[in-house]
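The structure appears right after this line, and notes come after that.
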């Protein structure tokens, strides 16, 4: 694979990196049946991580049998890294308790300290419609993140894949994903056996990047609307949109100033919320 030229514009370089990733996905037999849209979504998510626009992405669009065995990271290790030096800072992280896979920008991970005030924690349960604000993240979540940072930092070079310790309770794996994905709101369930936020009015936020003719959803998350009324300084729509803009706009201006950032806000009632 030829390297991505260094003299491209920001959007041209991003598009070239996406094409390289897409070519690698097509070359993996178990991924050939994925739709073009899913491959493109994954390629863009991974490119933004490498270019330091976002902290991490969960691998949700790919077959679980592939991601859990970490074959994907090995497939990318030589081809994508050799073509795109930005990927030297990207590591595949596997969390065995929940069988979740992430790609993570390790320098950004090492610079972050939890709690950092960027994420608020909402306990769910025990009832299907009950929720409450909690002051601090679960201690085992903090320990898991610190252990991940220590484990990666102890390596002389960043490994292509890193497996977290398997002692993280399943309930804490949910907010782990929210923290890695930089959601302003992290749900902390008391149990995994019941539906959550059933028929509760939710503020739903969708972060959008636009460049040229491409519109890309960076991520979506929700927050009970009632919390926005009770704790407006944390959960009001204006506060959340402002915090997202303050977090991402400086990165965009540094990495890709021609890219525009927008947060869409809607209100929804769902039978249950997927965690």
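In the working numbering, the protein residues as written are 404 to 678.
Every residue, glycine too, gets a C-beta built ideally from N, C-alpha and C.
These numbers come from a predicted model, not from an experiment.
Leaving aside the five residues before and after residue i along the sequence, list all residues of the same chain whose C-beta is less than 6 Å from its C-beta, in chain order.
i, result
"residue 613", "663"
"residue 478", "Interpretation of residue 478 is limited by its pLDDT of 47, a score under 50 that renders its predicted location unreliable; no figure is taken from the coordinates."
"residue 481", "Confidence at residue 481 is low in this model, with a pLDDT of 45, below 50, so the placement of that residue is unreliable and no value is reported for it."
"residue 471", "Because residue 471 carries a pLDDT of 44, less than 50, the predicted location of this residue cannot be relied on, and the following value inherits that uncertainty. Within the same chain, residue 471 has close Cβ partners 502."
"residue 654", "456"
"residue 637", "523"
"residue 545", "517"
Can you tell me where the beta strand (DSSP E) with residue i in it begins and where it stops?
i, result
"residue 606", "604-614"
"residue 449", "No beta strand (DSSP E) contains residue 449, which is instead part of the alpha helix (DSSP H) from 439-453."
"residue 489", "Here residue 489 belongs to no beta strand (DSSP E), and DSSP marks it neither H nor E."
"residue 517", "Premise fails: residue 517 is in no beta strand (DSSP E) and is neither H nor E."
"residue 591", "588-592"
"residue 665", "663-672"
"residue 627", "617-627"
Select from the options the residue whose C-alpha is nearest the C-alpha of residue i.
i, options, result
"residue 622", "440, 641, 586", "586"
"residue 588", "598, 445, 527, 656", "527"
"residue 658", "649, 673, 600, 454", "454"
"residue 595", "577, 547, 449", "577"
"residue 415", "450, 426, 632", "450"
"residue 661", "559, 618, 445", "618"
"residue 646", "512, 520, 551, 530", "520"
"residue 672", "440, 510, 532", "532"
"residue 513", "499, 541, 548", "548"
"residue 570", "425, 427, 426, 499", "499"
"residue 552", "542, 543, 567, 541", "567"
With residue i as the anchor, note down where its alpha helix (DSSP H) starts and where it stops.
i, result
"residue 547", "542-556"
"residue 650", "640-658"
"residue 563", "Counting along the chain, residue 563 falls outside any alpha helix (DSSP H), and DSSP gives it neither H nor E."
"residue 579", "573-583"
Cβ of residue i versus every heavy atom of the ligand FMN: is any distance shorter than 8 Å?
i, result
"residue 461", "Here there are no bound small molecules, and the ligand FMN is not part of this structure."
Can you give me the Cβ contacts of residue i inside the same chain, cut-off strictly under 8 Å, excluding the 5 residues immediately before and after it?
i, result
"residue 461", "503, 504, 505, 580, 583, 584"
"residue 452", "458, 459, 460, 493, 506, 507, 508"
"residue 635", "642"
"residue 674", "598, 601, 602"
"residue 421", "443, 446, 447, 450"
"residue 525", "534, 535, 536, 537, 588, 589, 590, 591, 626, 627, 630"
"residue 604", "627, 628, 629, 670, 671, 672"
Apart from the five residues just before and just after residue i, which ones in its own chain have a Cβ nearer than 7 Å to its Cβ?
i, result
"residue 473", "Caution is warranted here: a pLDDT of 46 is assigned to residue 473, below 50, making its placement in the model unreliable, and the coordinate value is therefore given only provisionally. Hits under 7 Å: 495, 497, 564."
"residue 641", "none"
"residue 606", "625, 626, 628, 631, 640, 668, 670"
"residue 592", "527, 528, 574, 577, 599, 678"
"residue 440", "none"
> Is the segment 529-546 touching the segment 489-509 in the sense that three or more CB pairs, one from each, lie closer than 8 Å?
Replying inline: no
>> With three or more C-beta pairs closer than 8 Å as the rule, is the segment 601-615 touching the segment 662-677?
In response: yes
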